[in-house]
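Residue numbers (our numbering): 27 to 169. Glycine is no exception: its CB is placed at the ideal position from the N, C-alpha and C atoms. This report refers to the structure that appears directly beneath it.
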């Protein structure tokens, strides 16, 4: 017997059962199913370096999409912060910007994240660490 529920319907049912869960957490659960939420997906490194970098790039792309097309302004703002945190994780763990944006804009976004008391301390910490690294040495751009 085949399962009559499509993935879309499964998502709709899941969202209805956990309305307090944010859009970034739902997105992260889809992209990195072995992590409980978006913060863990960003902050918990994969032991395999190449896989970790691939996962960060995937999360960055997902958060970028949500940042641009989220239904509510709060979803878009939260996605922008998680987008910046994902880029920060690339700097901290891999020594590179996982984006082609200008470093001055990236540093501004990271400073905004680090100063945002509404964000999880782990995300603020990784942003602060990336800022310190970027101020100490030249970070290579993503290829």
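query: Which residues DSSP lists as bridging residue 122, in chain order; result: 166
query: Spatial distance of residue 71 from residue 121 (CA atoms); result: 14 Å
query: Span separating the alpha-carbon of residue 160 from that of residue 65; result: 22 Å
query: Runs of beta strand (DSSP E) wholly within the region 39-87 (minimum 3 residues, chain order); result: none
query: Inter-residue spacing [alpha-carbon to alpha-carbon] between residue 145 and residue 96; result: 18 Å
query: Residue 128, DSSP secondary structure in three states; result: coil
query: Interface flag, residue 117 vs chain D, CB-CB below 8 Å; result: Any reference to chain D falls outside this structure, which holds one protein chain only.
query: Exposed unless 16 or more other CB atoms sit within 10 angstroms - verdict on residue 129; result: exposed
query: Buried or exposed (CB count within 10 angstroms, at least 16 for buried), residue 108; result: buried
query: Close Cβ partners of residue 150 (< 6 Å) along its chain, the five nearest in sequence each way excluded; result: 140
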